[in-house]
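Participant: According to numbering that gives the first Met the number 0, the residues represented by the sequence shown are 0 to 150, in order.
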Amino acid sequence: MQPVKLKSKHRSFCFSVKGHVKMLRLALTVTSMTFFILAQAPEPYIVITGFEVTVIFFFIILYMLRLDRVIDCLFWPLLDIINSLVTAVFMIVISVLALMPETTTFTVLGGMFGLLAAVCCIADGALIYRKLLFNPSGPYQKTAVHDKLVL
Numbered sequence: 000m001q002p003v004k005l006k007s008k009h010r011s012f013c014f015s016v017k018g019h020v021k022m023l024r025l026a027l028t029v030t031s032m033t034f035f036i037l038a039q040a041p042e043p044y045i046v047i048t049g050f051e052v053t054v055i056f057f058f059i060i061l062y063m064l065r066l067d068r069v070i071d072c073l074f075w076p077l078l079d080i081i082n083s084l085v086t087a088v089f090m091i092v093i094s095v096l097a098l099m100p101e102t103t104t105f106t107v108l109g110g111m112f113g114l115l116a117a118v119c120c121i122a123d124g125a126l127i128y129r130k131l132l133f134n135p136s137g138p139y140q141k142t143a144v145h146d147k148l149v150l
């Protein structure tokens, strides 16, 4: 019995490049938040990273359950790109602030993981933007424009 090979459009979100980047982004942000908690860093560091963990987890659940196709009143790729850019800015600011003064080792580690998470945010936004450029009609269109019959 041969294993069933899924087509690329039927492949799960968890096995896609976008899914791997988003999972890595979640892991790095959780690690950064954990180091900030252990270092007893200022509360904005912990609150911002905790909020970002919640939002990233929301998008992962959204894509895993394919709710982006069910709830089609919002343009989810645009929201995901905006989230990636805003998260990158916040994580860069928090990480630079955590690295600037003489702080504990855990705060420095939290800042370093925050910078890595910011790089993953930029990569995530670039992947989604590239997908939008290659498929400008959106994933919801059934047929391509060049497949229509002209009478």
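Glycine residues also receive a C-beta, built at the ideal position from the N, C-alpha and C atoms. Quantities reported herein were computed from a predicted structural model and do not represent experimental measurements.
Do you know offhand how far Met90's Cα is from Ile55's?
Facilitator: 13 Å
Participant: For the pair the segment 102-116 and the segment 67-78, tell me if three or more CB-CB distances fall below 8 Å.
Facilitator: no
Participant: To the nearest angstrom, report how far apart Thr106 and Leu131 are at their CA atoms.
Facilitator: Put simply, the backbone Cα of Thr106 is about 37 Å away from that of Leu131.
Participant: Can Leu61 and Leu115 be called in contact, C-beta distance under 8 Å?
Facilitator: no
Participant: Whose C-alpha, out of Tyr44, Val46, Ile59 and Pro41, is nearest the C-alpha of Met22?
Facilitator: Ile59
Participant: Using 10 angstroms around the beta-carbon of Ser191, count the other beta-carbons present and answer buried if the total reaches 16, otherwise exposed.
Facilitator: Nothing in the structure corresponds to residue 191, since the chain is present only between 0 and 150.
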